[in-house]
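In the numbering used here, the protein residues as written are 3 to 510.
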Ligand code: GLU
């Protein structure tokens with residue numbers, strides 16, 4: 003019987019989520035859903051020095067906002083918990099000890115200053131920062147260089163030690179990555195990684211293997227930056243006797259700067275003026291607020307869609323996909339091997355397309371806070387929906403709703419009368435005075451009727467309607483933009499329309 007598909011997203015709670023991190027979540031999620039599998043969230047918090055308060059909560063909220071919630075995890079529980087590595091501390095030591103017994107790992111007693119001395123001693127022009135590996139292993143203070151008795155004495159005396167993996171000198175480790183195909187490594191180039199730290203905490207390398215095994219993970223998706231660690235993990239699976247249960251690996255391509263020159267970093271985001279983080283994130287260390295896609299006014303639907311397309315397509319020209327369609331169509335065969343360029347202009351295009359597609363009814367609760375934040379008083383949900391219907395095609399980001407619709411909620415504070423004045427004359431003044439009387443007498447207050455009588459009146463006064471439409475727009479909107487001017491009049495109502503025309507006439 004085929005094993006049930008189980009995948010995991012395993013972030014370290016060290017800060018905000020990077021675009022690449024959220025894309026890893028998405029591909030995990032799509033793969034799990036497509037294959038009827040489970041999606042696990044595991045918090046890899048074994049590095050206490052890099053731990054950031056609040057980061058876990060942020061990650062969970064981020065997944066929630068994206069609509070990509072995990073089935074198991076610290077927030078949801080599940081049969082393979084606990085899902086925080088710090089709470090699993092007691093599990094790992096036995097495996098490190100087992101590796102020592104089998105000769106695949108060893109105790110290392112070197113103090114920080116001894117490691118420093120080693121680096122000084124072995125450094126050369128071509129190797130400025132020598133690593134702890136098979137070439138120097140026997141020069142150091144560890145259970146490979148010491149006798150059994152010496153080692154036992156040190157252990158009995160309680161001398162602090164770490165457990166290191168004994169990397170083979172000349173072996174080729176080969177595995178088949180689901181995206182890049184066959185990949186090989188020469189173990190001689192990899193250092194003897196620490197597996198268990200002096201305080202008994204595992205390092206990432208030991209914990210990731212033990213947990214993927216115990217949590218029955220079948221497929222492991224992670225960023226390409228982890229590819230160099232793959233031989234370490236593969237050997238651990240082998241040495242622990244779990245080779246037949248090893249997950250299939252998929253190392254996802256990097257996300258590159260818009261110009262394709264190198265990996266996209268948070269700094270690029272700051273420099274180029276787009277957020278790399280997915281959400282609002284105040285780093286407790288720097289107290290700096292990083293605005294994210296959500297705050298800028300991206301819709302989760304658009305955000306997910308654009309992330310999916312960063313390194314994948316379905317083989318056709320289609321670019322707009324719902325989450326359901328992605329689940330149906332996503333396949334690893336179509337994930338690109340090369341890095342994917344992130345283009346913020348294209349990201350905005352996705353958002354615009356999604357704003358156009360989503361109904362005013364569904365947009366309402368998302369748009370509301372963007373208007374309220376600017377002090378707009380919304381008279382009611384029904385009115386808000388009409389506003390959204392009228393202006394949404396003009397909005398690229400949710401934040402644009404404010405500029406595009408504020409005149410539908412409040413009288414414009416300023417009117418661009420300079421755009422009207424050069425061609426203003428007494429005939430036009432008389433025309434608009436007649437418009438006011440006409441409007442006051444109007445029975446049906448509907449855009450089509452208002453337009454018809456406005457145009458009829460213009461013709462009657464021998465004025466081309468085109469010449470008075472711009473002034474009307476400026477009077478109602480304040481500037482040369484916005485949706486159909488009679489739609490605006492219909493929405494703001496008779497009293498407000500008349501008031502605005504009158505106020506403009508007084509100024510002209
Ligand atoms: N904790 C690692 C990270 O922060 C996870 C890598 C993996 O998925 O194996 O990216």
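Where a beta carbon is used, it is the ideal one built from N, C-alpha and C, also for glycine.
- Taking C-beta separations shorter than 8 Å and ignoring five residues to either side along the sequence, the partners of residue 42 in its chain run 8, 9, 10, 11, 72, 73, 74, 75, 80, 82, 85, 217, 219, following chain order.
- Per the Cβ contact rule, the segment 376-389 is in contact with the segment 406-421 (3 or more Cβ pairs under 8 Å).
- Using a cutoff of 7 Å, the CB of residue 13 counts as near the ligand GLU, since one of the ligand's heavy atoms is closer than that.
- For residue 40, the enclosing beta strand (DSSP E) covers residues 40-43.
- Here the alpha carbons of residue 245 and residue 6 stand approximately 18 Å from one another.
- Secondary-structure assignment with DSSP links residue 253 through a beta bridge to 224.
- Here residue 204 carries a strand assignment [DSSP, helix/strand/coil].
- For residue 23, the enclosing alpha helix (DSSP H) starts and ends at 21-36.
- Per the coordinates, the alpha-carbon of residue 366 lies some 11 Å from the alpha-carbon of residue 394.
- Sequence-distant partners of residue 161 (beyond 5 residues in either direction) whose C-beta falls short of 8 Å from its own C-beta, in its chain, are 111.
- Counting the other CB atoms within 10 Å of its CB gives residue 159 a total below 16, which places it among the exposed residues.
- The segment 178-186 makes contact with the segment 242-259, as at least three CB pairs between them are under 8 Å.
- For residue 307, the enclosing alpha helix (DSSP H) stretches over residues 302-310.
- Around residue 474, the same chain offers 487 as residues with beta carbons nearer than 7 Å, after the five sequence neighbours per side are excluded.
- At least one heavy atom of the ligand GLU sits closer than 7 Å to the Cβ of residue 206.
- Residue range 174-179 is occupied by the beta strand (DSSP E) that includes residue 176.
- For residue 183, the enclosing beta strand (DSSP E) covers residues 183-188.
- Placement of the Cβ of residue 52 at a distance of 7 Å or more from every heavy atom of the ligand GLU is found.
- Membership of residue 459 in the alpha helix (DSSP H) is indicated by the continuous run 449-462.
- If you ignore the 5 residues before and after residue 479, its C-beta comes within less than 6 Å of the C-beta of 409, all in its own chain and listed in chain order.
- Nearest to residue 388 by alpha-carbon distance, out of 485, 463, 501, is 485.
- Bridge pairing for residue 343: 258 [DSSP].
- At least one heavy atom of the ligand GLU lies closer than 7 Å to the C-beta of residue 224.
- In this structure, the alpha-carbon of residue 54 lies about 29 Å from that of residue 236.
- For residue 228, the shortest C-beta to heavy atom distance toward the ligand GLU is below 7 Å.
- Not one heavy atom of the ligand GLU falls within 7 Å of the beta-carbon of residue 211.
- Residue 249 and residue 222 do touch by the CB rule: their CB atoms are close to 4 Å apart, below 8 Å.
- Judged by beta-carbon spacing, residue 26 lies beyond the 8 Å limit of residue 52, meaning their Cβ atoms are not closer than that value.
- A distance criterion of 7 Å places the beta-carbon of residue 99 beyond contact range of the ligand GLU, judged by its closest non-hydrogen atom.
- When Cβ pairs closer than 8 Å are counted between the two stretches, the segment 332-349 is seen to touch the segment 310-318, the count reaching three or more.
- Distances taken from the Cβ of residue 89 to the heavy atoms of the ligand GLU include none shorter than 7 Å.
- Between residue 449 and residue 492 a beta carbon distance of about 4 Å is seen, short of the 8 Å cut, so the two are scored as contacting.
- Looking at the DSSP output, residue 165 sits in a beta bridge with 109, 198.
- Between the alpha carbons of residue 399 and residue 212 lies a gap of roughly 44 Å.
- In this structure, the C-beta of residue 46 approaches the ligand GLU to less than 7 Å from one of its heavy atoms.
- Distance check between residue 350 and each of 397, 392, 338, 374 places 397 closest, using alpha-carbon atoms only.
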